[in-house]
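Below is one structure, written out as structure tokens; the observations come after it.
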Amino acid sequence: MSKKCGTVSIIGRPNVGKSTLLNHLVGYKLSAIANKPQTTRTNIRGIVTELDKKDDSGYQLIFTDTPGIHLNSKNLLNRTLNSEAVAAVEDVDAIIMIVEALKWTDEDDFVLSRLKHTKKPVILLLNKVDRIQEKDRLFPYLEKVGAKREFTDIIPVSASKGINTDIVIESLLKIVPESDFIYPEDHITDKSVRFICGELIREQLVLNLHEELPYTTAVEIEVFEETDKLVTIEVVIWTDRKNQKGIIIGKKGETLKRIGQSARRSLEEFLMKKVMLKQWVKVEENWQNNPRHLNELGIISNREL
Ligand SMILES: Nc1nc2c(ncn2[C@@H]2O[C@H](COP(=O)(O)OP(=O)(O)OP(=O)(O)O)[C@@H](O)[C@H]2O)c(=O)[nH]1
Ligand SMILES: [Mg+2]
Numbered sequence: 001m002s003k004k005c006g007t008v009s010i011i012g013r014p015n016v017g018k019s020t021l022l023n024h025l026v027g028y029k030l031s032a033i034a035n036k037p038q039t040t041r042t043n044i045r046g047i048v049t050e051l052d053k054k055d056d057s058g059y060q061l062i063f064t065d066t067p068g069i070h071l072n073s074k075n076l077l078n079r080t081l082n083s084e085a086v087a088a089v090e091d092v093d094a095i096i097m098i099v100e101a102l103k104w105t106d107e108d109d110f111v112l113s114r115l116k117h118t119k120k121p122v123i124l125l126l127n128k129v130d131r132i133q134e135k136d137r138l139f140p141y142l143e144k145v146g147a148k149r150e151f152t153d154i155i156p157v158s159a160s161k162g163i164n165t166d167i168v169i170e171s172l173l174k175i176v177p178e179s180d181f182i183y184p185e186d187h188i189t190d191k192s193v194r195f196i197c198g199e200l201i202r203e204q205l206v207l208n209l210h211e212e213l214p215y216t217t218a219v220e221i222e223v224f225e226e227t228d229k230l231v232t233i234e235v236v237i238w239t240d241r242k243n244q245k246g247i248i249i250g251k252k253g254e255t256l257k258r259i260g261q262s263a264r265r266s267l268e269e270f271l272m273k274k275v276m277l278k279q280w281v282k283v284e285e286n287w288q289n290n291p292r293h294l295n296e297l298g299i300i301s302n303r304e305l
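Residues in the sequence shown are numbered from 1 upward in steps of one, following the working numbering.
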């Protein structure tokens with residue numbers, strides 16, 4: 001019987017729910033989620049495979065979660081986030097653009113302008129519909145956004161509650177070609193376990209730190225050792241300035257302790273093993289503008305240096 005397989009990029013301005021959708025579709029927490037813009041810093045693939053072994057039929061959809069496309073790129077890190085996301089629009093079978101239902105901002109227009117020249121099918125998702133009480137308000141909004149460009153489908157969804165995500169899959173299956181699977185059926189991402197663990201730790205930094213700190217910190221895993229029962233992870237938290245180091249550590253080390261405890265819980269859930277986590281905070285001034293450092297953190301690739 002026939003198999004389908006295709007690639008799909010998920011794009012949109014920051015904070016609309018791209019990573020939430022990816023995690024929901026894959027069924028694992030692969031990508032960091034936070035109610036702050038620019039949480040995602042690199043393209044992350046999440047693979048959804050449905051295979052009926054009886055007649056060898058099914059599908060594999062390879063989604064790419066991307067950093068939020070934003071205006072006002074201040075530093076090299078910001079600019080790299082935008083170019084990562086825009087690059088993800090090339091060489092895919094379909095594009096999912098996400099906006100927040102009933103909200104349309106200048107940044108959404110900016111995202112749309114990045115899609116001006118693409119001939120790929122674009123599906124528009126109006127996310128966070130669970131927040132909308134009067135669903136009638138969606139109809140005029142649907143009409144208004146539908147006039148902005150040609151979309152293959154416009155689907156109101158809730159990525160966090162899983163509302164209408166099955167319709168998104170149906171819509172994609174009409175687009176992707178018949179083809180063998182690209183990844184083995186049990187693969188869920190192109191990233192290493194070590195990378196995902198780094199993201200889970202960084203998620204706790206973004207959630208527990210305030211003001212500019214989520215944007216001026218990065219995580220580098222220095223030791224990742226796995227035995228039958230235990231995973232030992234040693235991590236450096238990079239920050240921009242000396243005074244930020246003090247804030248991350250907190251009074252009597254309390255902030256860092258809280259971050260470590262939450263990170264350990266989410267790492268243990270992901271790895272299904274006990275985790276020993278050791279954290280160090282180090283200062284590297286202006287790392288967001290340092291290509292070498294961005295490369296070491298896996299945010300910028302060698303070819304871009
Ligand atoms: N109520 C509601 N909240 C949602 C939904 N989807 C995402 N969120 C919330 O929106 C915030 C942003 O979600 P993310 O998935 O991190 O957004 P993102 O688009 O990946 O953001 P960046 O990586 O910064 O570009 C989080 O607080 C999510 O919990 C939804 O369907 N309903
Ligand atoms: Mg994200």
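By construction, the Cβ of each residue, glycine as well, lies at the ideal position given by its N, Cα and C atoms.
Keep in mind it's a predicted model, so treat the numbers as computed, not measured.
Leaving out five residues on either side along the sequence, give the residues of the same chain with a beta carbon under 8 Å from the beta carbon of residue i.
i: Gln-244; result: Leu-213, Thr-216, Thr-217 and Val-283
i: Ile-247; result: Leu-209, Leu-213 and Thr-255
i: Leu-305; result: In this prediction, Leu-305 scores a pLDDT of 45, lower than 50, which makes its location untrustworthy; the coordinate-derived value is nonetheless stated afterwards. Around Leu-305: Pro-291, Arg-292 and Asn-295.
i: Ala-32; result: Ser-19, Thr-39, Thr-40, Glu-199, Leu-200, Arg-202, Glu-203 and Val-206
Just list the residues that DSSP pairs residue i with in beta bridges.
i: Ala-94; result: Val-8
i: Val-236; result: Glu-220 and Trp-280
i: Arg-45; result: Thr-64
i: Tyr-59; result: Lys-4 and Glu-50
i: Glu-178; result: Lys-4
i: Leu-230; result: Lys-274
i: Glu-225; result: Thr-232
From which residue to which residue does the alpha helix (DSSP H) around residue i run?
i: Lys-242; result: 242-249
i: Phe-139; result: 138-146
i: Leu-172; result: 165-173
i: Asn-78; result: 76-87
i: Ile-201; result: 193-208
i: Val-111; result: 106-114
i: Leu-124; result: That residue, Leu-124, is in no alpha helix (DSSP H); its beta strand (DSSP E) goes 122-127.
i: Lys-135; result: Lys-135 -> no alpha helix (DSSP H), and no H or E assigned at all.
i: Val-16; result: Unbroken run through Val-16: none, as it is neither H nor E.
Compute the Euclidean distance between the alpha carbons of residue i and residue j, then round it to the nearest angstrom.
i: Thr-7; j: Asp-65; result: 11 Å
i: Leu-209; j: Gln-279; result: 16 Å
i: Leu-30; j: Thr-189; result: 8 Å
i: Arg-241; j: Ser-73; result: 20 Å
i: Asp-109; j: Val-145; result: 10 Å
i: Phe-139; j: Ile-155; result: 11 Å
i: Val-219; j: Thr-239; result: 9 Å
i: Ile-237; j: Gly-17; result: 25 Å
i: Leu-271; j: Val-89; result: 31 Å
i: Gln-288; j: Ile-95; result: 29 Å
i: Phe-63; j: Ile-182; result: 12 Å
Among residues of its own chain, excluding the 5 on either side of residue i, which ones have a beta-carbon nearer than 7 Å to its beta-carbon?
i: Val-275; result: Val-231, Ile-233, Arg-264, Leu-267 and Glu-268
If you follow the beta strand (DSSP E) that residue i is in, where does it begin and where does it stop?
i: Pro-156; result: 153-156
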